[in-house]
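Contents: one structure, followed by commentary.
Residue numbers (the working numbering): 437 to 750.
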């Protein structure tokens with residue numbers, strides 16, 4: 437009995453190591469934009485389930501690959517050690533082989549490219565493939581290459597634009613067949629909140645990053661300035677999205693995003709007065725949940741609006 441229990445614990449421990457390697461709190465940045473772009477597009481065109489599924493899987497693969505590249509290059513550049521807080525540092529803490537991590541990152545990128553080729557052929561438009569390739573290159577350059585984006589103040593901007601913006605636009609396009617100003621307006625808060633997820637990471641790692649010679653946005657602004665920007669980003673996202681109800685006659689159902697406010701407040705509260713990385717882990721989790729709830733509720737708002745309109749027509 438005892439031996440079986442130890443084996444079960446070892447198996448769970450092994451799974452946990454791989455799960456943490458994927459940095460699950462960041463994966464929200466891959467599926468929220470896909471759900472949002474798809475839900476808004478359903479007001480214009482018939483839902484294409486296969487395109488949605490392939491897009492969702494491809495984005496998950498791209499985000500996972502970017503995380504693996506992050507793991508590999510942080511290790512190669514000596515950024516991670518056994519004291520690294522968060523999901524990073526799996527190579528030095530858990531003994532995972534760097535070469536295998538790099539191979540897996542490249543392999544998942546290849547699978548994502550195959551998904552992109554399918555979508556390009558299905559919608560008969562190759563420019564979305566070009567945008568996908570650019571997004572993948574940015575994902576690699578985030579920590580790879582001679583001048584990693586993650587070591588500069590531009591990490592949040594690049595992540596927000598490509599994951600929160602470009603992925604939303606492509607998800608919308610493969611369903612609706614066009615890109616309009618409406619989806620751009622709706623997606624701006626998601627861009628901001630995806631960037632905020634990266635900012636939360638930079639705030640947590642401010643001191644270690646500074647010691648390793650990085651110049652992240654949090655380091656540039658200082659802890660107080662970065663926290664002010666973090667709070668301001670949440671406020672902007674809610675105000676902007678709700679304002680669309682009055683400016684471009686977006687569905688009033690958008691108001692249900694207010695249900696995600698408690699997680700945003702929790703994220704802010706867990707950062708206030710903290711400076712030790714390990715004490716800010718709850719803030720990271722709350723930030724990820726806030727983005728998840730905000731994005732999913734926003735997508736649901738458009739689905740409810742569509743369903744209500746169809747019931748009225750019926």
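C-beta: ideal position from N, C-alpha, C; glycine also.
Going by Cα to Cα distance, which pick from 726, 475, 655, 503 is closest to residue 674?
Ranking the options by Cα distance to residue 674, first place goes to 726.
Would you kindly work out how many angstroms separate the C-alpha atoms of residue 463 and residue 599, rounded to a whole number?
10 Å
Just to confirm before moving on: does the CB-CB distance between residue 699 and residue 635 stay below 8 Å?
no
Are residue 603 and residue 490 touching if we call contact CB-CB under 8 Å?
Judged by their CB atoms, residue 603 and residue 490 are not nearer to each other than the 8 Å cut-off.
Would residue 542 be called buried (16 or more neighbouring beta carbons within 10 Å of its own) or exposed?
Only exposed fits residue 542, as fewer than 16 other CB atoms lie within 10 angstroms of its CB.
Around the Cβ of residue 690, are there at least 16 other Cβ atoms within 10 angstroms (buried) or fewer (exposed)?
Residue environment for residue 690: buried (at least 16 other C-beta atoms within 10 angstroms of its C-beta).
Just to confirm, are residue 587 and residue 650 a CB contact at a threshold of 8 Å?
Yes. Within cutoff.
For residue 579 versus residue 510, is the C-beta distance shorter than 8 Å?
yes
Could you spell out the range, first to last residue, of the alpha helix (DSSP H) harbouring residue 563?
563-577
What is the C-beta distance between residue 585 and residue 594, in whole angstroms, given that I count them as a contact (C-beta under 8 Å)?
5 Å
Answer with buried or exposed for residue 546, where buried requires no fewer than 16 other C-beta atoms within 10 angstroms of its C-beta.
exposed
Residue 506 to residue 744, Cα distance in whole Å?
44 Å
Taking its Cβ as the centre, do 16 or more other Cβ atoms sit within 10 Å of residue 639, making it buried, or is it exposed?
buried
Beta carbon of residue 468, beta carbon of residue 736: below 8 Å?
no
Compute the Euclidean distance between the alpha carbons of residue 621 and residue 609, then round it to the nearest angstrom.
15 Å
CA-CA distance, residue 708 and residue 628?
20 Å
Determine the direct distance from the alpha carbon of residue 715 to that of residue 553, and round the result to whole angstroms.
43 Å
In its own chain, which residues sit with a C-beta less than 7 Å from the C-beta of residue 742, not counting the 5 before and 5 after it?
478, 479
At what residues does the alpha helix (DSSP H) containing residue 544 begin and finish?
534-559
Exposed or buried, which one is residue 601 when buried takes at least 16 other CB atoms within 10 Å?
Residue environment analysis places residue 601 among the buried positions, since at least 16 neighbouring C-beta atoms fall within 10 angstroms of its C-beta.
Hey, how far is the Cα of residue 544 from the Cα of residue 682?
43 Å
Please state whether DSSP places residue 488 in a helix, a strand or coil.
Secondary structure at residue 488: helix, using DSSP grouped into helix, strand and coil.
So the candidates are 618, 654, 612; which of them puts its Cα closest to the Cα of residue 631?
654
So, helix, strand or coil for residue 684, using DSSP?
The answer is coil: DSSP assigns residue 684 none of H, G, I, E or B.
On the three-state DSSP scale, how would you describe residue 641?
coil
Secondary structure at residue 711, three-state DSSP: helix, strand or coil?
coil
Which of helix, strand or coil does DSSP assign to residue 659?
helix
Between which two residues does the alpha helix (DSSP H) holding residue 481 run?
From DSSP, residue 481 is part of no alpha helix (DSSP H); its letter is neither H nor E.
Could you give the DSSP three-state label for residue 584: helix, strand or coil?
Residue 584: coil per DSSP, three-state reduction.
What residue range does the alpha helix (DSSP H) around residue 613 cover?
From DSSP, residue 613 is part of no alpha helix (DSSP H); its letter is neither H nor E.
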